[in-house]
Structures are given as C-alpha cells and as structure tokens.
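Heads up, the final residue of the sequence shown is numbered 675 in the numbering used here, and it's a clean run with no missing numbers. Just so you know, even glycine gets a beta-carbon here, dropped at the ideal spot from N, CA and C. This structure is a prediction, so every number in the text was calculated from the model and none was measured.
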Amino acid sequence: MTSHSKEGDIYINFIRVNTLKISPSALKERLEKKGVKLEKTFLDYAFRVIESPFSIGATPEYLFGYYMPQSLSSMIPPIALNPSPKDRILDMCAAPGGKTTHLAQLMGNEGTILAVEISKERVKALKSNINRMNILNTIIINKDMRKYKEYLMKKKILFDKILLDAPCSGNIIKDKNRKVDEKDIEYCSLRQKELLNIGLDLLKPGGELVYSTCSMEEKENEEVIEHVLKSRDDIKLIKLSPIANFIRPGKIKGTLRVYPPYEPFFIAKIKKEG
C-alpha cells in the first residue's frame with residue numbers, strides 16, 4: 402500500500418471528478434473498492450487521495466476520463482472565472498488541459514472554448530486530456546498568443562471570458578530542484594505583463610479575465626496586476642473572496658493566494674469596462 406499524502410507533506414494529491422462522464426459518488430465507490438482511500442474537499446466533485454495501492458494516474462477510471470489528477474489550488478482559477486454555457490472563452494496557455502477541461506465541465510460541455518498552446522509537445526497532452534474526458538466544446542490552437550492576437554483582432558473575434566494561467570518561474574512543490582534567479586523572475590514578469598495586456602485587448606467590453614500563476618514571487622503576481630491597473634484606463638479589479646479555508650487574501654485587496662502545503666497559487670480577476 403502506497404501512501405500518497407499526509408498532513409504536513411509539501412505535496413498533497415487530489416483528483417477532480419469529470420461530472421460530464423460520472424458522478425462523484427459513483428467514482429468514489431469504484432475507487433474505494435480497489436483500495437483507494439479518499440477524503441472529501443470543499444468541492445463536491447474533488448477528492449483528496451489519502452492512500453492508494455497504485456498510481457492514481459494509471460487506472461481504468463483515469464483512462465475512461467472519469468477524473469483528472471489535479472491540485473486543489475489549480476481548480477480555483479476556473480471557478481473564479483465562473484463561465485456560463487453561453488460564453489465564448491479563451492484559454493490562453495491551455496496545456497496540459499486541467500483548467501481547460503474544468504472550464505468545459507463547468508459549462509456543461511456547451512458554449513465555446515478556444516484553447517491556445519504555444520508548445521507542440523504540450524499540445525499532445527492537451528489533446529489527449531480533451532479526448533479522454535469527452536470534451537466537445539473546445540477548439541485547440543497550436544500558436545503563440547503574441548502572434549495569434551493579430552489574427553483574432555483582424556477577424557474581430559473577442560471573448561466573453563478569458564483564463565490566463567500564465568507561464569511562470571514555478572515553485573518548489575512542482576519542482577524540488579527549482580533553481581531560478583532574479584533574471585528568470587524578471588523575464589517571466591515581462592512576459593506575463595505582455596500576455597495579460599493581450600488578453601485584455603481580446604476581451605469584449607464587460608468581459609472578465611482571470612489571471613493566475615503557481616509562482617510565489619510578487620513580481621509575477623501582485624506587480625503584474627498593479628502594472629496593468631496603472632497603465633490602462635479601461636479595466637478594473639473585481640474582488641474575489643476566499644471560498645475555502647486554505648485560500649488567503651492576496652497583498653492586493655480582492656486577489657487570492659494559496660500557500661504551502663497546498664500548491665502555491667495567485668489568482669486575480671479583472672473586468673473590462675465599456
């Protein structure tokens with residue numbers, strides 16, 4: 402028997418049930434019959450994996466698309482975006498698809514999601530997860546958003562809601578060998594500001610964008626949000642409230658932070674006025 406998570410561990414395993422294919426209770430029953438011990442979370446479709454006799458990513462239920470192994474923290478941005486079945490959504494940095502498939506689930510597989518990913522290798526995982534989980538409302542585009550914006554603007558394609566889970570310098574929970582210096586963080590911060598402005602340009606008036614990273618660095622989080630709020634007069638910050646006891650207020654009022662032992666995350670929501 403392999404223990405996958407204990408109180409105090411730096412990394413805690415969770416799964417998100419794909420309610421498009423199975424109910425949380427039915428999946429829980431199937432996995433528990435195989436010796437997996439699960440614990441409820443604040444989401445009725447997410448469980449903490451306490452113990453499992455095998456890798457939780459190597460089960461028939463996983464291959465059937467019944468669930469996604471995913472940190473609880475990374476489930477917050479799609480919830481904060483609060484998509485509706487009528488929305489046209491842009492997921493700017495979509496691979497490997499945890500948040501994309503979560504958005505589709507929240508939308509009941511209706512509406513439209515444009516999932517853009519710059520990396521050809523990472524697109525493979527995105528396609529695999531979308532197919533495995535029977536996502537029907539998503540179009541995958543293998544492009545650099547910094548170049549693809551021109552095409553979208555030319556075609557006058559704007560979005561009701563946008564998710565920008567921005568590339569970042571990472572954190573020690575995902576990579577225990579993480580070694581980044583100030584130059585790496587500064588590079589990420591500049592790229593994040595560029596991507597965030599692209600996303601805001603592609604929002605419809607009245608549209609909303611959620612910005613998130615798994616970095617703990619202020620330069621990649623609060624400073625990025627402060628930069629766009631100061632440099633643009635067509636946006637405003639929407640206040641987010643913690644929806645679980647492990648979520649904390651960010652250093653900018655209305656933003657959110659998650660700290661270890663959960664996977665670190667920063668989440669902010671912006672509305673385009675007009």
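I'd like to know whether the C-beta atoms of I541 and A567 end up nearer to each other than 8 Å. no
What residue does the alpha helix (DSSP H) around S590 start on, and which one ends it? E583 to D602
For the alpha helix (DSSP H) containing M546, list its first residue and its last residue. M546 to K555
For P454, the nearest candidate out of K605, L603, E522 and K438 (CA to CA): K438
Is Y552 a contact residue of the ligand MN, with contact defined as CB to any heavy atom under 7 Å? The ligand MN is absent from the structure shown, which contains no ligand whatsoever.
With a threshold of 16 other CB atoms inside 10 Å of the CB of R352, please say whether the residue is buried or exposed. Residue 352 is absent from the structure shown; the chain starts at 402 and stops at 675.
Can you list, in chain order, the residues of its chain with a C-beta nearer than 7 Å to that of N543? Leave out the 5 residues immediately preceding and following it. E518, K521 and V524
Segment limits, alpha helix (DSSP H) that includes T501: Counting along the chain, the alpha helix (DSSP H) containing T501 begins and ends at G499 to L507.
Using a Cβ distance threshold of 8 Å, determine whether the segment 613-623 contacts the segment 557-571, with at least three qualifying pairs required. yes
Look at the alpha carbon of Y612 and the alpha carbon of A459, and state the distance between them as a whole number of angstroms. 31 Å
Out of curiosity, what's the CA-to-CA distance linking A669 and L610? 8 Å
Are the beta-carbon atoms belonging to L732 and I563 less than 8 Å from one another? Lying outside 402 to 675, the shown extent of the chain, residue 732 is not represented and no answer is given.
Got a sec? Which residues, its chain only, sit under 7 Å from G466 by beta carbon, not counting five neighbours each side? N419, K422, R533, M534 and N535
By Cβ distance, which residues of its chain are closer than 6 Å to F443, with the 5 residues on each side in sequence left out? A645
Excluding the 5 residues preceding and the 5 following Y446 in the sequence, name in chain order all residues of the same chain whose CB lies nearer than 6 Å to its CB. V418, T420 and P425
Spatial distance of K555 from D602 (CA atoms): Spanning the two alpha carbons is a distance of roughly 12 Å.
D545 versus L596, S642 and L630, residue with shortest Cα-Cα distance: Comparing Cα-Cα distances from D545 to each of L596, S642 and L630, the minimum goes to L596.
Run through the DSSP bridge pairs and tell me what I480 is partnered with. Beta-bridge pairing links I480 to no other residue.
Counting only beta-carbon separations shorter than 8 Å, does T614 have a partner in chain B? No chain B is part of this structure, which consists of one protein chain only.
Classify I558 as buried or exposed, calling it buried when 16 or more other Cβ atoms lie within 10 Å of its own Cβ. exposed
Around the C-beta of D635, are 16 or more other C-beta atoms found within 10 angstroms, so that it is buried, or is it exposed? exposed
Whole angstroms are fine: how far does the CA of K580 sit from the CA of A481? 30 Å
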